[in-house]
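According to our numbering, the stretch in the sequence shown is residues 749 to 888, in order.
Note that beta-carbon positions come from the ideal geometry of N, C-alpha and C, so glycine has one too.
Predicted model only: the values in this text are computed from it and were never measured.
Here is the structure we will look at, set down as structure tokens.
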Amino acid sequence: MPGHPDHALYEQIRDGVAALDAKHGRSFDAISERMSASLLVLAKDNDLSRVDHVVLSNATAQNPAGHTVFLVQGELNDPSHARASMPTAQAVQTPVEQSLQQYESVSQEAQQRAMSRELEQQSQEKQMQQEVRGRAASMG
């Protein structure tokens with residue numbers, strides 16, 4: 749996977765999962781690999797360009813601590829950070845091969861979203877230029 753456009757993103761996720769493992773007295777293993785692959789799909793599907801933190805949820809009235817895993821782009825205390833989440837059990841139970849297939853699909857969708865945004869932006873810029881020219885012509 750080195751040389752792949754999302755290799756750095758995967759490494760950031762893998763490092764975050766390894767840090768979670770260490771914090772909980774675990775070593776990186778097959779469960780960690782499954783979680784990393786699942787989280788790569790989650791990051792790509794949510795258009796995260798980097799992952800600064802991988803964190804587990806705190807206990808709530810409805811769910812125990814660690815029920816949900818979060819990816820965070822930005823600082824944890826910054827209200828404008830981007831984040832995505834999924835049930836931890838789903839992340840660790842999804843086979844790596846299945847995540848890689850999902851990754852291919854969400855990567856194509858992400859590319860299409862990016863192209864659509866780019867075309868929309870170009871269209872808006874063109875429209876603004878035409879409006880400016882129109883105003884200039886009516887003033888002149």
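Cβ of residue i less than 8 Å from any chain D Cβ?
i: HIS752; result: Chain labels in this structure do not include chain D; a single protein chain is all it has.
In terms of alpha-carbon separation, which member of the options lies closest to residue i?
i: VAL799; options: GLN878, GLN838, PRO835 and VAL789; result: VAL789
i: VAL817; options: ILE779, VAL854, VAL802 and ALA858; result: VAL802
i: GLN841; options: MET783, ARG762 and LEU757; result: MET783
i: LEU819; options: ALA809, MET834 and PRO827; result: MET834
What are the boundary residues of the beta strand (DSSP E) that residue i is part of?
i: VAL802; result: 801–804
i: LEU819; result: 816–821
Please go through the same chain and pick out, in chain order, the residues whose beta-carbon is closer than 8 Å to the beta-carbon of residue i, but skip the five residues on each side of it.
i: GLU781; result: VAL844
i: ILE761; result: SER784, LEU787, LEU788, ALA791, VAL799, VAL802 and LEU819
Can you tell me where the alpha helix (DSSP H) holding residue i begins and where it ends?
i: ARG782; result: 778–793
i: ARG881; result: 844–887
i: ASP754; result: Careful: ASP754 lies outside any alpha helix (DSSP H) and carries neither H nor E.
i: GLN841; result: 836–841
In the DSSP assignment, what residue or residues form a beta bridge with residue i?
i: ARG831; result: VAL820
Excluding five sequence neighbours on each side, which residues of the same chain lie with their C-beta closer than 6 Å to the C-beta of residue i?
i: ALA767; result: none
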